[in-house]
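Notes for the one structure printed next.
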Amino acid sequence: MSRSTGAIIEQLIFIVILTIINAIFSAAELAVVSVNKNKLESGPKDKKTKALLKIVQDSSDFLAIIQVGITFAGFLSSASAATGLAEYVQFIFGNAKWAHEASIVLVTVLLSFFTLVFGELYPKQVAVRNTEGVARAFVLPISFVGQIFRPFVWLLSETTNILLKLTGQYNKKESEVLTREEMINLIESGRQSGTLESDEFSMMEGIFSLQTKMAREIMIPRTDTFMVNIDDSAGENISKILKETYSRVPVYRKTRDDIIGIITVRSLLDCGFTDGFDDMKIDQLMNKPYFVPETIHIDKLLENMRESKQQMAILLDEYGGSQEF
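All the letters of the sequence shown, read from the start, carry residue numbers 1 to 325 under full-length UniProt numbering.
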């Protein structure tokens, strides 16, 4: 083996080692931020679990260590390739004046592709599919490495704080608001990694669908809704209401399309025990019905009902007829 061949092999081995280190840090970063805290707390408390729980409670130092490790690995890999491998591929461009520069660009592109695939994308996909396993596998080694990098991490943190103070950003609170898209992506990642059970995922997915679903998609048809007719006797209506388990009952006149009010069982009982049931007039106990168009989106309807303190809404179709509850 010639000296140049041996040097190339050494450079390649060094780059592969750095890429593996980059892959470990990348996988550990995604695994730790995605791990199921509740599952860890309910499981056996071994050394790795305790270390993970400590990091999950405050992951800032751990993530800083991760970033330092990734940065160092990437920097050393790029520097090694640029200085060590470029000269060995320069012959591809012949005697061109720009051969040296072109060889550096070529090596950089190839190294970037290799690092992205094997040092970032692939390990993160593995971490998504086995979150807890990856987190437990690397939490202790990276924590140990963190002790070595701690002075450098401290220096970076203090430098960042100085910059924040100089720019007037130090005392501002970090934004904890996630966008809808970010939350959906987190939920999807949780489903893929197994952090969220199928029923938990379905529930959360249903919550986010409220913004796109209309009220008519979830409401109960009026034909299936228990109501009382104001034209019936008070005694008959009271008997019907008390036989059911509903807390609120719509009241109609003549036809079920003509909803004139909502009566609560509580108001009915309060009046009955105070003034007696014999002379009770249901029309005097009714609350005004809350009408909304059937095309209103569910999230907007819930917001309106909360603001107006309503517990029941009656949907109106395009012709003004009541359709659903």
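Cβ coordinates follow ideal geometry from the N, Cα and C atoms, glycine included.
Those residues which DSSP pairs with residue i across a bridge
i: residue 326; result: Outside the displayed span of the chain (1 to 325) sits residue 326, for which this structure offers no information.
i: residue 326; result: Beyond the ends of the chain as shown, which are 1 and 325, falls residue 326; an answer cannot be given.
i: V228; result: V251
i: N95; result: Looking at the DSSP assignment, N95 forms no beta bridge with any residue, so it has no partner.
i: T274; result: Answer is none; T274 lacks a bridge partner.
i: T264; result: R248
i: residue 395; result: Residue 395 is absent from the model: the chain starts at 1 and stops at 325.
Cα-Cα separation between residue i and residue j, rounded to whole angstroms
i: F118; j: L163; result: 34 Å
i: R3; j: K54; result: Here the model assigns R3 a pLDDT of 44, short of 50, so the residue's position is not dependable and the matter cannot be decided.
i: K237; j: T245; result: Note that residue 237 is Asn in the sequence shown here, rather than Lys. Cα-Cα distance, rounded: 14 Å.
i: A73; j: P123; result: 15 Å
i: T131; j: I20; result: 18 Å
i: M1; j: I8; result: For M1, the predicted model reports a pLDDT of 42, less than 50, meaning its position is unreliable and no value from the coordinates is stated.
i: E303; j: G146; result: 47 Å
i: K300; j: S308; result: 12 Å
i: L18; j: H100; result: 24 Å
i: F138; j: V33; result: 13 Å
i: T160; j: I65; result: 15 Å
i: F226; j: I298; result: 22 Å
i: P289; j: Q310; result: 9 Å
i: D257; j: C271; result: 27 Å
i: S103; j: L111; result: 12 Å
i: Q11; j: L106; result: 16 Å
i: E158; j: W98; result: 43 Å
i: L156; j: Q169; result: 17 Å
i: T223; j: D275; result: 33 Å
i: K39; j: V56; result: 12 Å
Nearest candidate by alpha-carbon position, reference residue i, set the options
i: L116; options: A27, P151 and K45; result: A27
i: V128; options: V35, G146 and F144; result: V35
i: I70; options: I24, F14 and A135; result: I24
i: S77; options: T264, M312 and I13; result: I13
i: L316; options: I259, L121 and G272; result: I259
i: I15; options: L121, K165 and T108; result: T108
i: Q125; options: E29, V228 and T255; result: E29
i: T255; options: V228, L268 and M280; result: V228
i: Q192; options: N22, Q11 and A31; result: A31
i: I261; options: R253, L269, C271 and N287; result: First, the residue type needs correcting, since residue 261 is Gly and not Ile in the sequence shown. Of the listed residues, the one whose Cα sits closest to G261 is N287.
i: K47; options: T223, N22 and P141; result: P141
i: V153; options: T167, D61, D275 and G168; result: D61
i: F75; options: V56, N22 and W98; result: N22
i: L269; options: K39, E294 and S239; result: S239
Nearest-angstrom beta carbon gap, residue j and residue i [assumed within contact, 8 Å]
i: I230; j: V251; result: 5 Å
i: I263; j: L242; result: The pair is not a contact, with the Cβ atoms about 12 Å apart (cut-off 8 Å).
i: A234; j: I282; result: 6 Å
Contact check, residue i vs residue j, beta carbons under 7 Å
i: I314; j: F291; result: yes
i: residue 329; j: R248; result: Look at the range of the chain in this structure, 1 to 325, and you will see that residue 329 is not part of it.
i: F144; j: V68; result: no
i: A135; j: L52; result: yes
Residue-level contact to chain B via CB, residue i, 7 Å cutoff
i: V56; result: Looking at the structure shown, chain B is missing, and only one protein chain is on hand.
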